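Chemist:
In the working numbering, the protein residues as written are 1 to 156.
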């Protein structure tokens, strides 16, 4: 059981995941990963966040009232920034060679590659979602156009 108060937990900066969902006419979904099951949604990002803040308060109140642990945000637990990475010698050699060509340390090169890969993944996910939304709109337009009577030449 936690000796910390509701006010303490509400003051912590929990990372929020915000995604646009295209089903059911489209809405914004929000989630606090560090608080399992703490989710909400809204018609706009602002509404979704506002609803999530209320869900967070209720989630924490419930856990405190029932004697359950309330996790702190992952960032608050403090990561060291150190990662042990094992890789094949050939990959290690190639990455070291690439770093030397750029005049930076292997560590700096790896950090740059990881940041770029993460940003690329995020961009691809957003692009994929956008493509799916556009595909859905195109299909809807095609369906609407298919329902219209064809235009014939010379018709008044």
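Where a beta carbon is used, it is the ideal one built from N, C-alpha and C, also for glycine. Nothing here was measured: the structure is a model prediction, and the numbers come from that model.
1. My guess is that residue 162 and residue 22 are in contact by the Cβ rule of under 8 angstroms, so how many angstroms apart are they, rounded?
2. Run through the region 28 to 88 for me and flag every whole beta strand (DSSP E) of 3 or more residues, listed as ranges in chain order.
3. Do residue 20 and residue 206 come within 8 angstroms of each other at the CB atom, strictly closer than that value?
4. Under 8 angstroms between the Cβ atoms of residue 9 and residue 49?
5. Return helix, strand or coil for residue 12, following the three-state DSSP convention.
6. Thinking residue 70 and residue 55 are a contact (beta carbons under 8 angstroms), I'd like their distance in whole angstroms, please.
7. Quick one: what's residue 20 bridged to in DSSP?
8. Which residues in the same chain have their Cβ closer than 6 angstroms to the Cβ of residue 63, if we skip the five residues on either side of it in sequence?
9. Can you give me the Cβ contacts of residue 16 inside the same chain, cut-off strictly under 8 angstroms, excluding the 5 residues immediately before and after it?
10. How would you write the range of the alpha helix (DSSP H) that residue 152 sits in, first residue to last?
11. Distance check for residue 122 and residue 87, CA to CA, integer angstroms please.
12. Give the straight-line distance between the Cα atoms of residue 103 and residue 117, rounded to the nearest whole angstrom.
Modeler: Looking at the atomic coordinates:
1. Coverage of the chain is limited to positions 1 through 156, which leaves residue 162 absent and any answer about it impossible.
2. Runs of beta strand (DSSP E) with 3 or more residues, each lying fully within the region 28 to 88, are found at 39 to 42, listed in chain order.
3. Lying outside 1 to 156, the shown extent of the chain, residue 206 is not represented and no answer is given.
4. Taking the first residue of the chain shown as position 1, residue 9 is located at position 9. Taking the first residue of the chain shown as position 1, residue 49 is located at position 49. No.
5. As a first step, residue 12 must be located in the chain shown, where it is residue number 12. Coil at residue 12, not helix or strand.
6. Sequence index remark: in the chain shown, residue 70 carries index 70 (1-based). Sequence index remark: in the chain shown, residue 55 carries index 55 (1-based). 14 angstroms between Cβ atoms; not a contact.
7. In the chain shown, residue 20 corresponds to position 20, counting from 1. DSSP output for residue 20 lists 28 as bridge partner(s).
8. Residue mapping note: residue 63 aligns to position 63 of the chain shown, counting from 1. Here the set comprises 70.
9. Along the chain shown, read from residue 1 onward, the residue named residue 16 stands at position 16. Listed in chain order, the non-local C-beta contacts of residue 16 below 8 angstroms within the same chain comprise 30, 31, 32, 49 and 52, local neighbours out to five positions each way being set aside.
10. Within the chain shown, the letter at position 152 stands for residue 152. Here residue 152 belongs to no alpha helix (DSSP H), and DSSP marks it neither H nor E.
11. Start at 1 with the first residue of the chain shown, and residue 87 comes out as number 87. Start at 1 with the first residue of the chain shown, and residue 122 comes out as number 122. Looking at the two C-alpha atoms, the distance is approximately 25 angstroms.
12. For this step, residue 103 is matched to residue 103 along the chain shown. For this step, residue 117 is matched to residue 117 along the chain shown. Looking at the two C-alpha atoms, the distance is approximately 21 angstroms.
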